[in-house]
Amino acid sequence: MKNPHDKFFKETLTRRENAVSFFREYLPPETVSRLDWRTLKIARGSFVDPGLRERFSDIVYEIRAKGRLLLIYLLMEHQSTVDPWMPLRFLRYMTELWELWRKQNPKADKLPGIIPVLFCHGEDEWDVSVHFRDILEEPGLTGEFVPRFRYLLRDFSSSGDDEIRGTVMLRLFLTVMGKIFSPGLAEELERIMPLFAELSEKKTVMQYLDTVLRYIYHACDTVTPEDVETKLLQAIDEDRKGVLMTIAEQLRAEGEIKGRTEGEIKGEIKGEIKGKIELYQELVGSGLISRGMAEQKVADLMRKLEEVTKAADKKVPSKPLIH
Numbered sequence: 002m003k004n005p006h007d008k009f010f011k012e013t014l015t016r017r018e019n020a021v022s023f024f025r026e027y028l029p030p031e032t033v034s035r036l037d038w039r040t041l042k043i044a045r046g047s048f049v050d051p052g053l054r055e056r057f058s059d060i061v062y063e064i065r066a067k068g069r070l071l072l073i074y075l076l077m078e079h080q081s082t083v084d085p086w087m088p089l090r091f092l093r094y095m096t097e098l099w100e101l102w103r104k105q106n107p108k109a110d111k112l113p114g115i116i117p118v119l120f121c122h123g124e125d126e127w128d129v130s131v132h133f134r135d136i137l138e139e140p141g142l143t144g145e146f147v148p149r150f151r152y153l154l155r156d157f158s159s160s161g162d163d164e165i166r167g168t169v170m171l172r173l174f175l176t177v178m179g180k181i182f183s184p185g186l187a188e189e190l191e192r193i194m195p196l197f198a199e200l201s202e203k204k205t206v207m208q209y210l211d212t213v214l215r216y217i218y219h220a221c222d223t224v225t226p227e228d229v230e231t232k233l234l235q236a237i238d239e240d241r242k243g244v245l246m247t248i249a250e251q252l253r254a255e256g257e258i259k260g261r262t263e264g265e266i267k268g269e270i271k272g273e274i275k276g277k278i279e280l281y282q283e284l285v286g287s288g289l290i291s292r293g294m295a296e297q298k299v300a301d302l303m304r305k306l307e308e309v310t311k312a313a314d315k316k317v318p319s320k321p322l323i324h
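With the first letter of the sequence shown counted as 1, position 279 gets the number 280 in our numbering; the numbers rise by one all the way through.
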């Protein structure tokens with residue numbers, strides 16, 4: 002599965018009830034009280050650079066306060082690298098968002114306010130400043146001439162159970178996200194699973210169980226389908242064990258398909274590359290081809306290997322089991 006963090010993030014927080022719950026719980030109380038939560042809706046568009054989408058995901062929300070439009074820009078960072086330049090990144094994304102909104106609303110004479118929120122769940126604590134002024138060389142001297150803002154940081158990498166709040170689905174999401182890089186995640190599964198019993202609709206339970214387990218399996222190298230069976234069967238209701246076993250079996254099958262496909266393709270191409278490298282070495286030795294040309298040919302073959310390997314990753318089936 003390509004970028005499982007992005008998929009899990011968007012499957013959960015593009016559900017309106019989860020988004021409302023998240024912001025009501027984790028925005029400042031004075032902000033929460035002034036927003037009309039009945040008006041919150043998901044807006045289209047992503048402002049993350051294509052080259053950074055393995056590290057970041059984003060969702061834009063619209064909401065009203067006393068009839069006036071506001072935007073909430075939620076950016077998720079899902080790698081372990083802490084970025085001290087995040088205020089500058091937010092400024093660029095906010096500017097792009099305003100420019101897009103201005104094009105869509107040419108008769109407007111003012112821009113909507115934006116609340117920038119960073120969602121973190123990496124291995125390292127996010128210990129850099131959230132203020133734009135702190136990345137400037139002389140903030141005191143230039144303060145009145147440059148933007149003054151901060152982004153709201155919500156770091157779930159080390160959150161305890163008492164800090165996880167919201168709808169059942171949101172609590173599941175935050176708990177799993179916060180533990181996904183933990184080497185002891187397999188042991189946490191028994192504690193996570195009882196939350197599913199709090200979901201009321203059977204179809205919702207089965208769909209989200211599939212979503213959560215796929216995320217864990219594809220995002221965490223330390224959890225296997227066997228862990229899913231042995232740990233979760235002890236914690237799940239009897240009437241849901243059949244679905245759990247089906248999911249575990251398909252995850253195991255996906256792993257076998259992925260391993261076989263990648264192994265066969267890589268083996269064949271590596272063999273071809275090795276043979277051609279030997280051929281180019283012979284040609285260089287006999288003076289029939291220059292060393293520079295041979296090195297270029299080998300470099301081209303290595304790039305081809307990378308392209309085919311990436312293509313193989315995309316062929317792994319990842320359709321949900323529950324419809």
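Yeah, the Cβ is synthetic: ideal placement off N, Cα and C, and Gly gets one too. As the structure is a prediction and not an experimental result, all values here were calculated from the model.
Exercise for the section: Within the segment 24–79, note down every full beta strand (DSSP E) run reaching 3 residues or more, in order along the chain. Expected result: 37–44, 57–66 and 69–78
Exercise for the section: Using a threshold of 7 Å, state whether the C-beta atoms of R166 and E18 are closer than that. Expected result: Stepping through the sequence shown from its first residue, residue 166 is reached at position 165. Stepping through the sequence shown from its first residue, residue 18 is reached at position 17. For R166 and E18, no; Cβs fall outside 7 Å.
Exercise for the section: Count the other CB atoms, across all protein chains shown, that sit within 10 Å of the CB of E164; report buried if there are 16 or more and exposed otherwise. Expected result: Along the sequence shown, read from residue 1 onward, the residue named residue 164 stands at position 163. E164 should be labelled exposed.
Handout entry: Host beta strand (DSSP E) of I116 (start-end)
Key = By one-based count along the sequence shown, residue 116 stands at place 115. That run of the beta strand (DSSP E) goes G114 to C121.
Handout entry: Inter-residue spacing [alpha-carbon to alpha-carbon] between V21 and D37
Key = Taking the sequence shown and counting its residues from 1, the one referred to as residue 21 is at position 20. Taking the sequence shown and counting its residues from 1, the one referred to as residue 37 is at position 36. Looking at the two C-alpha atoms, the distance is approximately 10 Å.
Exercise for the section: Counting only the same chain and skipping the five closest in sequence on each side, list residues whose C-beta sits under 8 Å from that of R35. Expected result: For the purposes of this step, residue 35 is taken as the residue at position 34 of the sequence shown. Residues A66 and K67 of the same chain have their beta carbon placed closer than 8 Å to that of R35, with the five preceding and five following residues left out of the count.
Exercise for the section: Could you say which of L75, T15, F10 and Y62 lies nearest to L41 if we only look at CA atoms? Expected result: Position 40 of the sequence shown, counted from the first residue, corresponds to residue 41. Closest in C-alpha terms to L41, from the list L75, T15, F10 and Y62, comes Y62.
Exercise for the section: For A187, I'd like the list of residues in its chain whose CB is within less than 7 Å of its CB, leaving aside the five on either flank, ordered along the chain. Expected result: Stepping through the sequence shown from its first residue, residue 187 is reached at position 186. If we look at A187 and ignore the five residues flanking it on each side, its Cβ neighbours are T223, V224, D228 and K232.
Practice task
Reducing DSSP to helix, strand and coil, say where R151 ends up.
Solution key: The residue you call residue 151 lines up with position 150 of the sequence shown. Of the three classes helix, strand and coil, the one that applies to R151 here is strand, per DSSP.
Exercise for the section: Could you tell me if V147 is buried or exposed, where buried requires 16 or more neighbouring beta carbons within 10 angstroms of its beta carbon? Expected result: What you label residue 147 is simply residue 146 of the sequence shown in a count that begins at 1. Classification for V147: exposed.
Handout entry: Residue interval of the alpha helix (DSSP H) (run including W102)
Key = Translated into positions along the sequence shown, residue 102 becomes position 101. Per DSSP, the unbroken alpha helix (DSSP H) holding W102 starts and ends at M87 to Q105.
Practice task
Return yes when the Cβ of I64 is within less than 7 Å of the Cβ of L75, no when it is not.
Solution key: Numbered from 1 along the sequence shown, position 74 holds the residue referred to as residue 75. Numbered from 1 along the sequence shown, position 63 holds the residue referred to as residue 64. Between L75 and I64, the C-beta spacing is not below 7 Å.
Problem - Which listed residue (F9, K104, R45 and I115) has its alpha carbon closest to that of H122 - result: Taking the first residue of the sequence shown as position 1, residue 122 is located at position 121. Nearest C-alpha to H122: F9.
Problem - First through last residue of the alpha helix (DSSP H) which encompasses T176 - result: Translated into positions along the sequence shown, residue 176 becomes position 175. Note, T176: alpha helix (DSSP H), V169 to K180.
Handout entry: F10, enclosing alpha helix (DSSP H) - first and last residue
Key = The count along the sequence shown starts at 1 and reaches residue 10 at position 9. Element bounds for F10: P5 to L14.
Practice task
Give the range of the alpha helix (DSSP H) segment to which A198 is assigned.
Solution key: Walking along the sequence shown from the start, residue 198 turns up at place 197. From DSSP, A198 is part of no alpha helix (DSSP H); its letter is neither H nor E.
Practice task
Sort K3, E145, F24 and I116 by Cα distance to L171 and report the nearest one.
Solution key: Translated into the one-based positions of the sequence shown, residue 171 becomes position 170. Minimum Cα distance to L171 is reached at F24.
Practice task
Quick one: residues in its chain with C-beta nearer than 6 Å to the C-beta of H132, no 5 flanking neighbours on either side, listed in chain order?
Solution key: For the purposes of this step, residue 132 is taken as residue 131 along the sequence shown, with counting starting at 1. Closer than 6 Å at Cβ, skipping near neighbours: R151.
Handout entry: Helix, strand or coil at D110 according to DSSP, with G and I counted as helix
Key = For the purposes of this step, residue 110 is taken as the residue at position 109 of the sequence shown. In this structure, D110 counts as coil in the three-state DSSP scheme.
Exercise for the section: Reducing DSSP to helix, strand and coil, say where D135 ends up. Expected result: Numbered from 1 along the sequence shown, position 134 holds the residue referred to as residue 135. Helix at D135.
Exercise for the section: Following the continuous alpha helix (DSSP H) through E124, name the residue where it begins and the one where it ends. Expected result: As a working mapping, residue 124 is identified with position 123 in the sequence shown. Run containing E124: none; DSSP gives neither H nor E here.
Exercise for the section: Check whether the Cβ atoms of C83 and D135 lie closer than 7 Å to each other. Expected result: The residue you call residue 83 lines up with position 82 of the sequence shown. The residue you call residue 135 lines up with position 134 of the sequence shown. The sequence as given places Val at residue 83; Cys does not occur at that position. Taking 7 Å as the Cβ cut-off, V83 and D135 do not qualify as a contacting pair.
Exercise for the section: Report the residue from L14, I193 and K108 whose alpha carbon sits nearest the alpha carbon of L210. Expected result: Mapped onto the sequence shown, residue 210 falls at position 209. Out of L14, I193 and K108, I193 has the C-alpha closest to the C-alpha of L210.
Exercise for the section: Excluding the 5 residues preceding and the 5 following T15 in the sequence, name in chain order all residues of the same chain whose CB lies nearer than 7 Å to its CB. Expected result: Here the question's residue 15 lines up with position 14 in the sequence shown. Answer for T15: I43 and I60, listed in chain order.
Problem - Chain-order list of residues whose beta-carbon lies under 6 Å from that of Q181 (same chain, five-residue window excluded) - result: By one-based count along the sequence shown, residue 181 stands at place 180. For the sequence presented, residue 181 should be read as Ile rather than Gln. Closer than 6 Å at the Cβ level, and outside the excluded window around I181, lie A220 and C221.
Handout entry: Exposure label - W102; buried when at least 16 CB within 10 Å
Key = Within the sequence shown, numbered from 1, the residue matching residue 102 stands at position 101. Under this definition W102 is a buried residue.
Exercise for the section: Give a yes or no on whether the C-beta atoms belonging to E97 and F57 are separated by under 7 Å. Expected result: For the purposes of this step, residue 97 is identified with residue 96 of the sequence shown, where counting begins at 1. For the purposes of this step, residue 57 is identified with residue 56 of the sequence shown, where counting begins at 1. No; because the gap between Cβ atoms is not below 7 Å, this pair is not in contact.
Handout entry: Backbone secondary structure at D211 - three-state DSSP
Key = Residue numbering aside, residue 211 sits at position 210 when the sequence shown is read from its first letter. D211 falls in the helix class under three-state DSSP.
Practice task
Leaving out five residues on either side along the sequence, give the residues of the same chain with a beta carbon under 6 Å from the beta carbon of I116.
Solution key: Stepping through the sequence shown from its first residue, residue 116 is reached at position 115. The beta carbon of I116 lies closer than 6 Å to those of I73 in the same chain, with the five residues before and after it left out.
Exercise for the section: Classify D222 as helix, strand or coil using the three-state DSSP reduction. Expected result: Residue numbering aside, residue 222 sits at position 221 when the sequence shown is read from its first letter. In the structure shown, D222 sits in coil (DSSP, three-state: anything other than H, G, I, E or B).
Exercise for the section: Could you tell me which residues DSSP puts in a beta bridge with D156? Expected result: For the purposes of this step, residue 156 is taken as the residue at position 155 of the sequence shown. DSSP lists C121 as partners of D156.
Practice task
Tell me whether the beta-carbon of L119 lies closer than 7 Å to the beta-carbon of L154.
Solution key: Mapped onto the sequence shown, residue 119 falls at position 118. Mapped onto the sequence shown, residue 154 falls at position 153. Contact: yes.
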